[in-house]
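Heads up: the sequence lines are chains A and B, in that order.
Letter by letter, the first sequence follows residues 1 to 110 of this note's numbering.
Letter by letter, the second sequence follows residues 1001 to 1116 of this note's numbering.
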Amino acid sequence: KNEVEQSPQNLTAQEGEFITINCSYSVGISALHWLQQHPGGGIVSLFMLSSGKKKHGRLIATINIQEKHSSLHITASHPRDSAVYICAVPYGGSQGNLIFGKGTKLSVKP
Amino acid sequence: NAGVTQTPKFRVLKTGQSMTLLCAQDMNHEYMYWYRQDPGMGLRLIHYSVGEGTTAKGEVPDGYNVSRLKKQNFLLGLESAAPSQTSVYFCASSFLVVGQVGTEAFFGQGTRLTVV
């Protein structure tokens, strides 16, 4: 079974700051998912990546397969970015589901 | 597009009562999952289905049952609710196995269940 560690658990930033959230996993994977969960809301998939880097607006996700590590960056952060960001990787067996990190709670102050 | 819809969004049960949570997806996905989310823990898989008429146990299946009679619907049942089942429940679906490259998982809005 894969293990997922996220850091930091909580993050408070001022509007405009550059933010980095980290994710490490224990077993080799085919793809890693970054998800966003707003307070009281559902979960939305932000990125799915298997190598290199992906960018969507102010969000950038990178992955280093050899080091089993991924980062999610937010440039020019805004209060509407306040949410829980979750990293998820495949279970590692035949179950076909994801193993989730505990999430990073981000709060961006105006 | 509705995507993945969960019903109900909130529910309070008394210990011993039963209920069914409904997950419906309109994307013709083969794979459907039920997760629970508890404070300080990542989402954990309860049960999943790889196609109509099939179900399988996940990481924390005790106290729950599921059915997938129609491809678009995945039902999660609690036969005799316990306070330990107080949680937020999420349904998800995917076209292929989510571990495969290029397969995205789509989540519902969640159901907040309190058992008193």
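Using N, Cα and C, we set each Cβ at its ideal position, and we do this for glycine too.
The model shown is predicted, which means the values in this text are computed figures rather than measured ones.
Contacts that L1043 (chain B) makes with chain A (C-beta to C-beta distance below 7 Å) = In the second sequence, the residue the question calls residue 1043 (chain B) occupies position 43. Within 7 Å Cβ-Cβ: F100.
Within 10 angstroms of the Cβ of V1116 (chain B), are there 16 or more other Cβ atoms? Answer buried if so, exposed if not.
-> Against the second sequence, residue 1116 (chain B) aligns to sequence position 116. By the 10 Å Cβ count, V1116 (chain B) comes out exposed.
Inter-residue spacing [alpha-carbon to alpha-carbon] between G41 (chain A) and I29 (chain A) = Counting from one through the first sequence, the residue named residue 41 (chain A) turns up at place 41. Counting from one through the first sequence, the residue named residue 29 (chain A) turns up at place 29. So the alpha carbons of these two residues sit roughly 28 Å apart.
Using Cβ-Cβ distances below 9 Å, what residues of the segment 1029–1058 of chain B are close to chain A?
-> Y1031, Y1033, Y1035, Q1037, G1040, M1041, G1042, L1043, R1044, L1045, Y1048, V1050, A1056, G1058
Stretch-stretch touch, CB-based, cutoff 8 Å, three pairs: the segment 1018–1037 of chain B with the segment 1091–1099 of chain B = yes
Is the beta carbon of Q1006 (chain B) sitting closer than 8 Å to the one on T1111 (chain B)?
-> The residue you call residue 1006 (chain B) lines up with position 6 of the second sequence. The residue you call residue 1111 (chain B) lines up with position 111 of the second sequence. Against a cut-off of 8 Å, the Cβ pair of T1111 (chain B) and Q1006 (chain B) comes out as a contact.
DSSP three-state call for Q1085 (chain B): helix, strand or coil?
-> For the purposes of this step, residue 1085 (chain B) is identified with residue 85 of the second sequence, where counting begins at 1. Here Q1085 (chain B) sits in helix by DSSP.
When the cut-off is 8 Å and only beta carbons count, does N64 (chain A) lie next to chain B?
-> The residue given as residue 64 (chain A) occupies position 64 in the first sequence. By this cut-off, N64 (chain A) is not an interface position.
Top-ranked residue by Cα proximity to G16 (chain A), from A:I74, A:Y25, A:K105, A:L98 = Reading the first sequence from its first residue, position 16 is the one you call residue 16 (chain A). The shortest Cα separation from G16 (chain A) among A:I74, A:Y25, A:K105, A:L98 belongs to A:I74.
Give the residues of chain B in contact with N97 (chain A), contact being defined as C-beta atoms less than 7 Å apart.
-> The residue you call residue 97 (chain A) lines up with position 97 of the first sequence. The contacting residues are Y1033, L1045, Y1048, G1058, V1098.
Where DSSP assigns a beta bridge to T1054 (chain B), which residues make up the other side?
-> Against the second sequence, residue 1054 (chain B) aligns to sequence position 54. Note: T1054 (chain B) sits in no beta bridge, so no partner.
Should S7 (chain A) be labelled buried (16 or more other beta-carbon atoms within 10 Å of its own) or exposed?
-> Position 7 of the first sequence, counted from the start, is the residue given in the question as residue 7 (chain A). That one is exposed.
Note down the Cα distance separating K1071 (chain B) from F1106 (chain B), rounded to an integer number of angstroms.
-> Translated into positions along the second sequence, residue 1071 (chain B) becomes position 71. Translated into positions along the second sequence, residue 1106 (chain B) becomes position 106. Computed Cα separation, rounded: 15 Å.
Own chain residues within Cβ distance below 6 Å of V84 (chain A), not counting five before or after = Position 84 of the first sequence, counted from the start, is the residue given in the question as residue 84 (chain A). Answer for V84 (chain A): Q37, G103, K105, listed in chain order.
Q1037 (chain B) and L1043 (chain B) look like a contact to me (Cβ under 8 Å); what is the Cβ gap, rounded to whole Å?
-> Position 37 of the second sequence holds residue 1037 (chain B). Position 43 of the second sequence holds residue 1043 (chain B). So it is a contact: roughly 5 Å between Cβ atoms.
With distances taken Cα to Cα, identify the nearest neighbour of S45 (chain A) among A:A13, A:N64, A:L72, A:S24.
-> For the purposes of this step, residue 45 (chain A) is taken as the residue at position 45 of the first sequence. Here the closest residue by C-alpha is A:L72.
P79 (chain A) by DSSP, collapsed to three states: which one?
-> Translated into positions along the first sequence, residue 79 (chain A) becomes position 79. Residue state, collapsed to three classes: helix.
Y1033 (chain B) versus P110 (chain A): straight-line alpha-carbon distance, rounded | Working through the second sequence from its first residue, we reach residue 1033 (chain B) at position 33. Working through the first sequence from its first residue, we reach residue 110 (chain A) at position 110. C-alpha separation (whole angstroms): 37 Å.
Give the residues from the segment 47–74 of chain A that approach chain B closer than 7 Å (Cβ to any Cβ), ordered along the chain.
-> M48, S50
Note down, in chain order, every chain A residue with its Cβ under 7 Å from the Cβ of Q1109 (chain B).
-> For the purposes of this step, residue 1109 (chain B) is taken as the residue at position 109 of the second sequence. The contacting residues are G41, G42.
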